[in-house]
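Chemist:
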Amino acid sequence: MITATATESPVNYLNHQSTVASWLLTKDHKRIGLMYMVSVTIAFIIGAFFAALIRAELATPQGDLLSADVYNRVFTMHGVAMVFFVLIPAVPAILGNFVLPLMLGAKDVAFPKLNLLSWYVFVLGLTFTVGAMIYGGVDTGWTFYPPYSTEGSNSNVLLAGIGVFITGFSSILTGLNFMVTIHRMRAPGLTWFRLPLFVWAVYSTALVMVLGTPVVAITVAMVAVERAFGLGFFDPRLGGDPVLFQHLFWFYSHPAVYIMILPPMGVISEVIACFSRKNVFGYSFVAFSSLAIAVFGFLVWAHHLFVAGISAYSAMVFSFLTFAVAIPSAVKTFNWTATLYRAAIWWKAPMAWVYGFMGLFLVGGLTGLFTASLGIDIHIHDTYFVVAHFHYIMVGGAIMGYFAGLHYWWPKMTGRMYHDGLAKLSALLVFVGFNMTFFPQFILGYLGMPRRYHMYPPEFQVLNLASTAGATVLGIGYLLPMLYLTYSFFKGQKAGANPWLATGLEWTTQSPPLPHNFIEQPIVTEGAYEYSKREIKVA
Amino acid sequence: MAAHADSHGHGHVHAHHPAHQHHFETMEQQSEAATLGMWLFLVTEVMFFGGLLMAYLLYRVWYPHAWSEGSLELDIVLGGVNTVVLIGSSLTMALAVRAAQTDQRRATIVFLILTMALGLTFLVIKFFEYKHKFDTGHVPGPNFHFEGPDAPQVEIFLSLYFALTGLHALHMLIGFGIMSVILWMAIKNRFSHEWYTPVELAGLYWHFVDIVWIFLFPLLYLVDRSHHFA
Amino acid sequence: MLSGIPLFPVQGSTLAPEVDALYFFIVAVTSFFAVLVSVLVIYFGFKYRDDTGLKVGAPITGSIPLEIGWSLVPFFIAMGIFVWASVVFFHSVRPPDQTVEIYATGKRWMWRFQHVDGQREINQLHVPIGRPVKVTFTSEDVLHDLYIPVFRTKADAIPGRYSSIWFTPTKTGEFHLFCAEYCGTKHSGMIGSVFVMEPDEYQAWLSSGGLTGSMSARGEQLFQQLACNTCHLNDGTGRGPSLVGVFGSPVKLSTGQTITADETYVRESILTPQLKLVNGYQPLMPTFQGLINEEGLLSLIEYVKSLGESRTGGQQASTAAPAAAPATAPAK
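Residue numbers (our numbering), protein chains in the order written: chain F, 3 to 541; chain V, 28 to 257; chain D, 80 to 411.
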């Protein structure tokens, strides 16, 4: 093995081979994580561009920027890009791929070739979907409801459906890989209850990916087949039932939102523990709450059908379960808060993103209580209230958690530091811009403004304009990291193995890591967050 | 923190099995991981078929008469023969795994070929069943033709028939491809009691495809053919 | 400028204050927890700050009593909200026995309303103040949703079946009506107005305009035109069952199952008659799919309803639960 001299950098996974083939045919989970980062970021830019168009259009009540058809395609593609190509893969496929084997003391995931295949499948699915965009887009909404998607729409439903179908397999393969890795490749001494909470979160996510995704795959396939061959699964004139689609679709798509939020919650646990220099309060409760969310998440899907003609008694059962699934998330939030008590908080950029998460996830999660309440949901269903609720969780929660993790593990991934002040500023801009964009939408929703509206009654304009103004601030908040992180990758100050003085196996190896992660396999003898065993005690 | 250990132990040299992948510490770990991976994959397949079966369940409850009518349109003899053929192929597959496990190269090859032959028989019979449907205008879609008042509902039954058996046949084709690879490896004498994991995994996959058929046969071919209930 | 910005919808029905009361309660509860957690998180962030990064936090790992406490307390609060919300929900989906009946069809991209005594409207709905109104509707093509924010109620319009909403308006005026389920190009144009009128104005409006006969009269016309009356004899001796008093009653099917004859069942019997055959009858009825449009179907349904127990002329009472909600016990 090559040892470092004072002037040259040691061998690491980034520099040891530099041909294009060594990247495109890599089996290294770290390189695959970076490749996912590139493709997910491209999808994020596409989705953000469509979001900007939506907000630009909605600044005025008339449909004056885009035609109705174009607007419908824009909001559909915004949803498809963000849900399937950003939110689902971001933390698991980027951060999870990079960090999980390191956290376990392993050399790689269980099936490295399958991991590479999952990236190619992702890219293929993204290509089909971008293809659908280029050919004129889809206008069914990302939810593809029939009968509109099967016979009402004359847009590229098949192409987009194929893209989504293919991408689902990327998710399934990633989840499968992670589960086997966690079961079988933990270092000696690394028992389940010594695992970092990020691993518990990723494991719970993998459970959902593996069990849920195949159902949406077959459902999209049924829509495609019905559309192509004129079959009648969902067509009432042929005896089919359009509501059956909604049941099948949401059976996956509700657990999917837990795929989106569980890994970022795992990130929050890691970052809070590190920058509080303290054990996460109630470790086993936080760990089990991840599993509970994954399991309960499969039991609530019909709350998306409260006004779709299900019986009142079904609605009550699902409303009850929806309230129940909120409890584990509340438990996590309280545990994170308690972790900060008598901590030793080091205010670095990742913590700023965590604070942003806490504020926004609080609102997002709590507003779920409104939508779970049947009497209220009849009023706010399919209005901007719901749009605000899920953006608070998905963007305010999941994306902010992703950025927290990105900023936390960036020195490990790249061996470089970034500008801390700029990073904190970005977190603040995102936090402020986000609230400006989405808080008015709660008010709009309760007023009765429906979703997916291209034009709206003039009295709703002021709130819409406020929302659009906020979106510009939010956009700047997201643009800044793209700039300073790119700068950091090439010119940032070099980082050592453990710039945050964190616990965790990933910090015991060099930054960036060796191709095979560790010089020798580590043996673990203590729990995940044993800061208290350090020599310097709390004052 | 964590102590470090040399994973190979000191002063100990052993030859690596050619199939040993180095991110695993031992062959045993690799084998266990591979098997767990295949089981998880089969669980995803259960969920995949499960979506179609949920649609089947709903419409069967709604349209019992159409289900009975539709089932009568399927050839119970051919379906029965196919069931026996597939169960037989699972037997030969299990014997192939056993043969690989006990270093019997010749027997492994023979049983793999038998499994593939039986699988092919299944697909050929299926082809004739589909052809008959095509000839009688019972393929759902624009050219569907069926006499009777609940023709649209029978069309839904047949849509599910084609979707379920088509998905199953696709899995069999993929299985056939997997078998070819395993067969080639067996001919090259890659397997032994030390390492026969690919045969084992292929066996798991094949058994799964068989079990799916064991559900599909009664659900599609044996629905109230005597019109007892509807 | 600020005075013109609406921040809260008008309370336009008897249900609205109920929904809003629950809404404010949940706002209070969620604000409390949001403020509590935010204050703690910010306070701890300042109080326990260590800019050296070298100190460690106190060796606290957890507390079972706290965990139980902050699991059970939110759970019970959630259950309280659940129960209250379910009560409001049942008020929302269970109309009273006597309602003004209005029928509607959603199609891309308009709402067509039919009053039982013949008035038809497009994208406008005139209703009287102070009386319960039930709108029963379906879709002709894709999914739609009839939503009236000031009444705090909505339901999806699903092709092939009937949904309904009900409300008792409490304020006169003109209010928004929206389609709230995405339906394609002009989804945001599928809007209209609800006009709530004083009773005498409403009566005046009902009697004006182009009346083409009541819905049940049109239904009766269709019933004869399509020769339904040749099999469905009123005395029960025909090839098909008598329809007198059938609406809202239990019907035994040839499969042994018993269902309630609601709007959806009547519609299914016309379009796919053999699927839910009445026990004891031969499968002789032909399908009328393609021969009757949605409005015709609604007129026939109104006619069949009129063959049941009839109340004062002009408005028919609904004795059955709406198609979208589970059936209540039919009138004895």
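Ideal Cβ positions, reconstructed from N, Cα and C, are used throughout, including at glycine. Note that the coordinates shown come from a computational prediction; the quantities given were computed from them, not determined experimentally.
Kindly list the residues whose CB is nearer than 6 Å to the CB of Ala83 (chain F), restricted to its own chain and excluding five residues on each side of it in sequence; keep chain order.
Modeler: Within the first sequence, residue 83 (chain F) is the residue found at index 81, counting from 1. Excluding positions up to five away in sequence, the list reads Ala45, Ile48, Gly49.
Chemist: Locate the alpha helix (DSSP H) running through Trp121 (chain F), then write down its first and last residues.
Modeler: Taking the first residue of the first sequence as position 1, residue 121 (chain F) is located at position 119. Residues 114-136.
Chemist: Would DSSP call Tyr448 (chain F) helix, strand or coil?
Modeler: Translated into the one-based positions of the first sequence, residue 448 (chain F) becomes position 446. Reduced to three states, the DSSP call for Tyr448 (chain F) is helix.
Chemist: Near Ile152 (chain V), what residues of its chain come up, given a Cβ to Cβ distance below 8 Å and the 5 sequence neighbours on each side ignored?
Modeler: Your numbering for residue 152 (chain V) matches position 125 in the second sequence. Excluding residues within five positions, the ones whose Cβ falls inside 8 Å are Leu105, Val108, Asn109, Val112.
Chemist: Under 8 Å between beta-carbons, which chain V residues line up against Thr343 (chain D)? List them in chain order, please.
Modeler: Position 264 of the third sequence, counting from 1, holds the residue named residue 343 (chain D). Within 8 Å Cβ-Cβ: nothing; Thr343 (chain D) doesn't reach chain V, min ~13 Å.
Chemist: Roughly how many angstroms separate the alpha carbons of Gly141 (chain D) and Ala23 (chain F), rounded to a whole number?
Modeler: Locating residue 141 (chain D) in the third sequence gives position 62, where the first residue counts as 1. Locating residue 23 (chain F) in the first sequence gives position 21, where the first residue counts as 1. Roughly 50 Å separates the two Cα atoms.
Chemist: Does the region 116-130 of chain D come into contact with the region 484-499 of chain F, if we say contact requires no fewer than three beta-carbon pairs (one atom in each stretch) closer than 8 Å?
Modeler: No contact exists between the region 116-130 of chain D and the region 484-499 of chain F.
Chemist: Under 6 Å Cβ to Cβ from Leu209 (chain F), same chain only, skipping five residues before and after it: list those, please.
Modeler: Residue 209 (chain F) sits at position 207 when you count from the first residue of the first sequence. Around Leu209 (chain F): Ala296.
Chemist: For Ala257 (chain V), return the contacting residues in chain D, with the cut-off set at a CB-CB distance below 8 Å.
Modeler: Translated into the one-based positions of the second sequence, residue 257 (chain V) becomes position 230. Ordered by position in chain D, the residues that pass the 8 Å Cβ test against Ala257 (chain V) are Thr334.
Chemist: Measure the Cβ-Cβ separation of His49 (chain V) and Pro114 (chain F) and say whether it is below 8 Å.
Modeler: Here residue 49 (chain V) corresponds to residue number 22 of the second sequence, with the count starting at 1. Here residue 114 (chain F) corresponds to residue number 112 of the first sequence, with the count starting at 1. For His49 (chain V) and Pro114 (chain F), no; Cβs fall outside 8 Å.
Chemist: Could you run through the region 163-182 of chain F and flag, in chain order, every residue whose CB is less than 7 Å away from some CB of chain V?
Modeler: Going along the region 163-182 of chain F in chain order, one finds Ile174, Leu178, Met181, Val182 with a Cβ nearer than 7 Å to chain V.
Chemist: Express the C-alpha separation of Leu476 (chain F) and Gly358 (chain F) in angstroms, rounding to a whole number.
Modeler: Sequence index remark: in the first sequence, residue 358 (chain F) carries index 356 (1-based). Sequence index remark: in the first sequence, residue 476 (chain F) carries index 474 (1-based). Distance between the alpha carbons of Gly358 (chain F) and Leu476 (chain F) is about 13 Å.
Chemist: Can you grab the Cα-Cα spacing for the pair Gly529 (chain F) / Leu192 (chain F), in whole Å?
Modeler: Against the first sequence, residue 529 (chain F) aligns to sequence position 527. Against the first sequence, residue 192 (chain F) aligns to sequence position 190. When rounded, the distance between both Cα atoms is 8 Å.
Chemist: What are the residues that DSSP puts in a beta bridge with Thr215 (chain D)?
Modeler: Mapped onto the third sequence, residue 215 (chain D) falls at position 136. For Thr215 (chain D), which the question treats as bridged, DSSP gives the partners D:Tyr182, D:Ser243.
Chemist: May I ask you to list the residues that DSSP assigns as paired with Thr339 (chain D)?
Modeler: By 1-based counting over the third sequence, the position of residue 339 (chain D) is 260. D:Pro329, per the DSSP bridge assignment.
Chemist: Could you check where the beta strand (DSSP E) with Phe258 (chain D) kicks off and where it finishes?
Modeler: The residue given as residue 258 (chain D) occupies position 179 in the third sequence. In the sequence on display, residue 258 (chain D) carries Cys and not Phe. Start and end: 252-258.
Chemist: Can you give the Cα-Cα distance for Val245 (chain F) and Asp220 (chain D), rounded to whole angstroms?
Modeler: Here residue 245 (chain F) is taken as the residue at index 243 of the first sequence, counted from 1. Here residue 220 (chain D) is taken as the residue at index 141 of the third sequence, counted from 1. The straight-line gap from Cα to Cα measures roughly 14 Å.
Chemist: Rounded to whole angstroms, what's the CA-CA distance from His421 (chain F) to Val365 (chain F)? Just pull it up for me.
Modeler: Against the first sequence, residue 421 (chain F) aligns to sequence position 419. Against the first sequence, residue 365 (chain F) aligns to sequence position 363. Those two C-alpha atoms are separated by around 29 Å.
Chemist: Would Gly143 (chain F) count as contacting chain D if we go by Cβ distances under 8 Å?
Modeler: The residue you call residue 143 (chain F) lines up with position 141 of the first sequence. For Gly143 (chain F), the answer is yes, since a Cβ of chain D falls inside 8 Å of its Cβ.
Chemist: Locate the beta strand (DSSP E) running through Trp190 (chain D), then write down its first and last residues.
Modeler: For the purposes of this step, residue 190 (chain D) is taken as the residue at position 111 of the third sequence. It spans 189-194 - the beta strand (DSSP E) in which Trp190 (chain D) sits, taken as one unbroken run.
Chemist: Cα separation between Leu322 (chain D) and Glu342 (chain D)?
Modeler: Against the third sequence, residue 322 (chain D) aligns to sequence position 243. Against the third sequence, residue 342 (chain D) aligns to sequence position 263. Near 13 Å, if we compare the C-alpha coordinates of Glu342 (chain D) and Leu322 (chain D).
Chemist: Rounded to the nearest angstrom, how far is the Cβ of Leu250 (chain F) from that of Thr221 (chain F), given a contact under 8 Å?
Modeler: In the first sequence, the residue the question calls residue 250 (chain F) occupies position 248. In the first sequence, the residue the question calls residue 221 (chain F) occupies position 219. About 4 Å; that satisfies the 8 Å criterion.
Chemist: Quick one: what does DSSP say Ala236 (chain D) is sitting in, helix, strand or coil?
Modeler: Here residue 236 (chain D) refers to the residue found at position 157 of the third sequence. Looking at Ala236 (chain D) - three-state DSSP - the assignment turns out to be strand.
Chemist: Taking 8 Å as the threshold (beta carbon to beta carbon), is Leu86 (chain D) in contact with chain F?
Modeler: For this step, residue 86 (chain D) is matched to residue 7 along the third sequence. Cβ-Cβ to chain F under 8 Å: yes for Leu86 (chain D).
Chemist: Provide the residue span of the beta strand (DSSP E) that contains Tyr226 (chain D), from first to last.
Modeler: Taking the third sequence and counting its residues from 1, the one referred to as residue 226 (chain D) is at position 147. 223-227 is the extent of the beta strand (DSSP E) around Tyr226 (chain D).
Chemist: Checking 8 Å against the spacing of the C-beta atoms, do Gly81 (chain F) and Trp121 (chain F) come in under that value?
Modeler: Locating residue 81 (chain F) in the first sequence gives position 79, where the first residue counts as 1. Locating residue 121 (chain F) in the first sequence gives position 119, where the first residue counts as 1. Taking 8 Å as the Cβ cut-off, Gly81 (chain F) and Trp121 (chain F) do not qualify as a contacting pair.
Chemist: Anything in chain B within Cβ reach of Asp177 (chain V), meaning under 9 Å, just list it in chain order.
Modeler: Note that chain B does not occur in the displayed structure, where the protein chains are F, V and D.
Chemist: Run through the DSSP bridge pairs and tell me what Ser271 (chain F) is partnered with.
Modeler: In the first sequence, residue 271 (chain F) corresponds to position 269, counting from 1. For Ser271 (chain F), which the question treats as bridged, DSSP gives no partner whatsoever.
Chemist: Looking at the C-beta of Arg390 (chain D), does it have a partner C-beta in chain V at a distance below 8 Å?
Modeler: On the third sequence, residue 390 (chain D) is found 311 positions in, with the first residue counted as 1. Confidence in Arg390 (chain D) is poor, its pLDDT being 35 and thus under 50, which makes the residue's placement too unreliable to answer from.
Chemist: Going by other Cβ atoms of all chains shown within 10 Å of its Cβ, with 16 needed for buried, is Gly498 (chain F) buried or exposed?
Modeler: Within the first sequence, residue 498 (chain F) is the residue found at index 496, counting from 1. Exposed, because fewer than 16 other Cβ atoms sit within 10 Å of the Cβ of Gly498 (chain F).
Chemist: Using the beta-carbon count (16 or more within 10 Å), is Asn156 (chain F) buried or exposed?
Modeler: Walking along the first sequence from the start, residue 156 (chain F) turns up at place 154. By the neighbour-count rule (16 or more Cβ atoms within 10 Å), Asn156 (chain F) is not buried but exposed.
Chemist: Give the straight-line distance between the Cα atoms of Ile338 (chain D) and Ala157 (chain D), rounded to the nearest whole angstrom.
Modeler: As a position in the third sequence, residue 338 (chain D) is number 259, starting the count at 1. As a position in the third sequence, residue 157 (chain D) is number 78, starting the count at 1. Rounded to whole angstroms, Ile338 (chain D) to Ala157 (chain D) spans 36 Å at the Cα level.
Chemist: For the region 339-356 of chain F, enumerate the residues whose C-beta is nearer than 8 Å to any C-beta of chain V, in chain order.
Modeler: The residues in question: there are none.
Chemist: Can you list, in chain order, the residues of its chain with a C-beta nearer than 6 Å to that of Gly177 (chain F)? Leave out the 5 residues immediately preceding and following it.
Modeler: Position 175 of the first sequence, counted from the start, is the residue given in the question as residue 177 (chain F). Cβ within range, chain order: Ala208, Met211, Val212.
Chemist: Apart from the five residues just before and just after Arg231 (chain D), which ones in its own chain have a Cβ nearer than 6 Å to its Cβ?
Modeler: Within the third sequence, numbered from 1, the residue matching residue 231 (chain D) stands at position 152. For Arg231 (chain D), where only same-chain residues beyond five positions count, the Cβ hits under 6 Å are Leu94, Ala95, Val98.
Chemist: With DSSP as the reference, label Leu243 (chain V) as helix, strand or coil.
Modeler: Residue numbering aside, residue 243 (chain V) sits at position 216 when the second sequence is read from its first letter. Leu243 (chain V): helix per DSSP, three-state reduction.
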